[in-house]
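Chains as they are written, first to last, in our numbering: chain A, 45 to 428; chain B, 156 to 281.
In this text, a Cβ means the ideal position worked out from N, Cα and C, and glycines have one as well.
Okay, so here's the structure we're looking at.
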Amino acid sequence: MDYAATTPVDKEVIDEMIPYFNEIYGNASSIHSFGRDAFNAIEHAREQVANIINAGSDEVIFTSGGTESDNLAIKGVAYLNKKKRNTKGNHIITSAIEHPAVLETCKYLEKQGFNVVYLPVDEYGLINPDDLIEAISKDTFLITIMFANNEIGTIEPIEEIGNIAREHDVLFHTDAVQAVGKVPIDVNKFNIDLLSISSHKIYGPKGVGALYIREDVKLQPIVHGGGHEKGLRSSTYNTPGIVGLGKACELGKKRMKKDVIHLKNLRDTLIKNVLEIEESYLNGHPEKRLVNNAHFRFTAIEGESLNLMLDDKGIAASTGSACSSKKLQASHVLLAIGLDPVEAHGSLRLTLGRWNTPKDITYVADVLPEIVENLRKMSPLWNR
Amino acid sequence: MNETYSKKVMEHFRNPRNMGEIKDADGVGTVGNPVCGDLMAIYIKVENNRIKDIKFKTFGCAAAIATSSMITELAKGKTLEEAEKITRDDVANELEGLPPIKMHCSNLAADALREAIKDYKKKNKK
Numbered sequence: 045m046d047y048a049a050t051t052p053v054d055k056e057v058i059d060e061m062i063p064y065f066n067e068i069y070g071n072a073s074s075i076h077s078f079g080r081d082a083f084n085a086i087e088h089a090r091e092q093v094a095n096i097i098n099a100g101s102d103e104v105i106f107t108s109g110g111t112e113s114d115n116l117a118i119k120g121v122a123y124l125n126k127k128k129r130n131t132k133g134n135h136i137i138t139s140a141i142e143h144p145a146v147l148e149t150c151k152y153l154e155k156q157g158f159n160v161v162y163l164p165v166d167e168y169g170l171i172n173p174d175d176l177i178e179a180i181s182k183d184t185f186l187i188t189i190m191f192a193n194n195e196i197g198t199i200e201p202i203e204e205i206g207n208i209a210r211e212h213d214v215l216f217h218t219d220a221v222q223a224v225g226k227v228p229i230d231v232n233k234f235n236i237d238l239l240s241i242s243s244h245k246i247y248g249p250k251g252v253g254a255l256y257i258r259e260d261v262k263l264q265p266i267v268h269g270g271g272h273e274k275g276l277r278s279s280t281y282n283t284p285g286i287v288g289l290g291k292a293c294e295l296g297k298k299r300m301k302k303d304v305i306h307l308k309n310l311r312d313t314l315i316k317n318v319l320e321i322e323e324s325y326l327n328g329h330p331e332k333r334l335v336n337n338a339h340f341r342f343t344a345i346e347g348e349s350l351n352l353m354l355d356d357k358g359i360a361a362s363t364g365s366a367c368s369s370k371k372l373q374a375s376h377v378l379l380a381i382g383l384d385p386v387e388a389h390g391s392l393r394l395t396l397g398r399w400n401t402p403k404d405i406t407y408v409a410d411v412l413p414e415i416v417e418n419l420r421k422m423s424p425l426w427n428r
Numbered sequence: 156m157n158e159t160y161s162k163k164v165m166e167h168f169r170n171p172r173n174m175g176e177i178k179d180a181d182g183v184g185t186v187g188n189p190v191c192g193d194l195m196a197i198y199i200k201v202e203n204n205r206i207k208d209i210k211f212k213t214f215g216c217a218a219a220i221a222t223s224s225m226i227t228e229l230a231k232g233k234t235l236e237e238a239e240k241i242t243r244d245d246v247a248n249e250l251e252g253l254p255p256i257k258m259h260c261s262n263l264a265a266d267a268l269r270e271a272i273k274d275y276k277k278k279n280k281k
């Protein structure tokens, strides 16, 4: 139950990709027919990706994944803005709960002299649009706020944020990596200027993603070379990967309604069952949350040990505990919603996917309480 | 967490030895900091200068649980002087190694035991 970390590639996607490894393997930029066939497949994929967010296909470029898309969107706009000294200032607004691909990029830009504001979130992880309005100044040239949070699943008020950005003539980028395929996204309706997509979160292959760039938005590239993707992202096209991403988006759009019903039922049952455990709490907003995300905390136990015990029972999950991170720091998202470090350590993220069944939910509901009880028996913080 | 734990660590994590509390302990040592994600408590019963019984309680990751379990195993039956000499490397070695970022857990375990012995000595004004 760790679909937010990654998803298996859908069989239909794999089937779609296979010819592009050693049959239609030409370099898509070559002028001969081998190349042209690959080129056509890429353009078809471009359309499929554009469709899932209601964009024009000429507004989609391909990257190596969500992280690169985030980097290109933010750095690309920032560097160009720096060059054009007479337009806006050097102010970027983001949120405290972004994925490291956004946060680290912002921190890097701060070192380059940009001014970044990290908007706080409430106890559910929601941005307050009034805070955003207050933070915008004449120097603000970019707002980057994620569509839905990867840890606690909270869905941000994107349409409102987009409207605010548009009213103040500020570019709006959103990291939609976790939201694509789970929430209907319309970049025009929501006034989104830039949007990041990751293939491996929507049953596509790893190593490929896309960036939506509204047609009048200009960026500087961060990868220079042969001039691919209108000069914005040079690199020989990863044809099989791109074809896979395209197919995954097509399937995602087709199946979204069904997926959402399926996932919501499972998720709600899971949440109801788990919250029966003594001193267990749901993190994130109860309603404005991704259909597949169930994020909990349990008093007096630690997340890594909880996850390993679940793993022993064949259940894959993740946690925001410090012990489980490379930096030995509790999740910045959990701290941002007001949890103290001890509470953050006892966290568990369960994220569902297309192939989870009610049986899986029943199994977890059976297994988890005993594990929590065992860890509590062992814990000096539990006094029952 | 991409560092893999040794088989021995996983063994102690899955089947911890001497887990629990001693209500009338002769010495108790509590170290660590739940803010960092680790808290260990070691309880000892002492007879004739030997650790007759020892138990632990731990809030923490697999390494924390395994190191607590291991140190109780190493210390049980030893004299106080022998127990005091148990180092974090002893614990880590018996566990067939710990990932570098988890070495501090073995430190905690050794400290918790020493604190328990210190507590016993204080209570008994030796």
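Run down chain B in chain order and give the residues with a C-beta less than 9 Å from the C-beta of residue i.
i: Leu372/A; result: Cys191, Gly192, Ile256 and His259
Does residue i have its Cβ less than 8 Å from a Cβ in chain A?
i: Lys215/B; result: Per the sequence presented here, residue 215/B reads as Gly, with Lys not at that position. With 8 Å as the cut-off, Gly215/B counts as an interface residue toward chain A.
i: Thr242/B; result: no
i: Lys212/B; result: yes
i: Ile177/B; result: no
i: Ile272/B; result: no
i: Thr220/B; result: Reading the sequence as shown, one finds Ile at residue 220/B and not Thr. For Ile220/B, the answer is yes, since a Cβ of chain A falls inside 8 Å of its Cβ.
i: Met156/B; result: Note on Met156/B: pLDDT 43, under 50, position unreliable in the model; the coordinate value appears next. It does; some Cβ of chain A falls within 8 Å.
Identify the contact partners of residue i in chain A, using a Cβ-Cβ distance below 8 Å as the criterion.
i: Met225/B; result: Here the premise fails: no neighbours, minimum Cβ distance about 14 Å.
i: Ala196/B; result: Pro424
Using three-state DSSP, classify residue i as helix, strand or coil.
i: Asn279/B; result: helix
i: Gly79/A; result: helix
i: Tyr202/B; result: Reading off the sequence, residue 202/B comes out as Glu, not Tyr. Strand.
i: Lys212/B; result: strand
i: Ser324/A; result: strand
i: Lys446/A; result: This structure cannot settle anything about residue 446/A, because the visible part of chain A is limited to 45 through 428.
i: Ser240/A; result: strand
i: Lys207/B; result: strand
i: Thr395/A; result: strand
i: Asp59/A; result: helix
i: Asn159/A; result: strand
i: Phe168/B; result: helix
i: Asn337/A; result: strand
i: Asn188/B; result: strand
i: Thr343/A; result: coil
i: Ala196/B; result: strand
i: Leu379/A; result: helix
i: Glu417/A; result: helix
i: Ile97/A; result: coil
i: Ser369/A; result: coil
How about residue i: is its C-beta nearer than 8 Å to some C-beta of chain B?
i: Val386/A; result: yes
i: Ala366/A; result: yes
i: Met45/A; result: no
Just the chain A side, please: which residues come within less than 9 Å of residue i by C-beta, in chain order?
i: Arg169/B; result: Leu352, Met353 and Asp356
i: Glu185/B; result: The sequence shown places Thr at residue 185/B, rather than the Glu named in the question. The answer, in chain order, is Pro424.
Inspect the beta-carbon positions of residue i and residue j and report whether they are closer than 8 Å.
i: Thr198/A; j: His329/A; result: yes
i: Ile137/A; j: Tyr256/A; result: no
i: Ala221/B; j: His167/B; result: yes
i: Leu310/A; j: Ile196/A; result: no
i: Ala196/B; j: Lys257/B; result: no
i: Thr283/A; j: Ile86/A; result: yes
i: Leu8/A; j: Ile118/A; result: This structure cannot speak to residue 8/A, because chain A is shown only from 45 to 428.
i: Leu378/A; j: Asn327/A; result: yes
i: Met45/A; j: Leu394/A; result: yes
i: Asn159/A; j: Asn134/A; result: yes
i: Val186/B; j: Leu235/B; result: no
i: Ala99/A; j: Phe83/A; result: no
i: Gly390/A; j: Glu346/A; result: yes
What residues from chain A crowd round residue i, counting only those whose CB sits closer than 7 Å?
i: Thr159/B; result: Near Thr159/B there are no residues of chain A at all, since even the closest Cβ is about 11 Å away, more than 7 Å.
I'd like to know whether the C-beta of residue i is nearer than 8 Å to at least one C-beta of chain D.
i: Leu229/B; result: The structure shown has no chain D; the protein chains it does contain are A and B.
If you measure from the CB of residue i, is any heavy atom of the ligand PLP nearer than 7 Å?
i: Asn427/A; result: No copy of the ligand PLP occurs in the structure displayed, which carries no ligand at all.
ask   = Using a beta-carbon distance cut-off of less than 9 Å, what residues from the stretch 343-357 of chain A approach chain B?
value = Within the stretch 343-357 of chain A, the residues whose Cβ lies closer than 9 Å to some Cβ of chain B are Ala344, Ile345, Glu346, Gly347, Glu348, Ser349, Asn351, Leu352, Met353 and Asp356, listed in chain order.
query = What residues in the stretch 414-427 of chain A have a beta carbon less than 7 Å from any beta carbon of chain B?
reply = Met422, Ser423, Pro424 and Leu425
query = Residues in the stretch 318-346 of chain A with C-beta within 8 Å of chain B's C-beta atoms, listed in sequence order?
reply = Ala344, Ile345 and Glu346
inquiry  = Tell me which residues of the stretch 388-400 of chain A have at least one Cβ-Cβ distance to chain B shorter than 7 Å, keeping chain order.
reply    = His389
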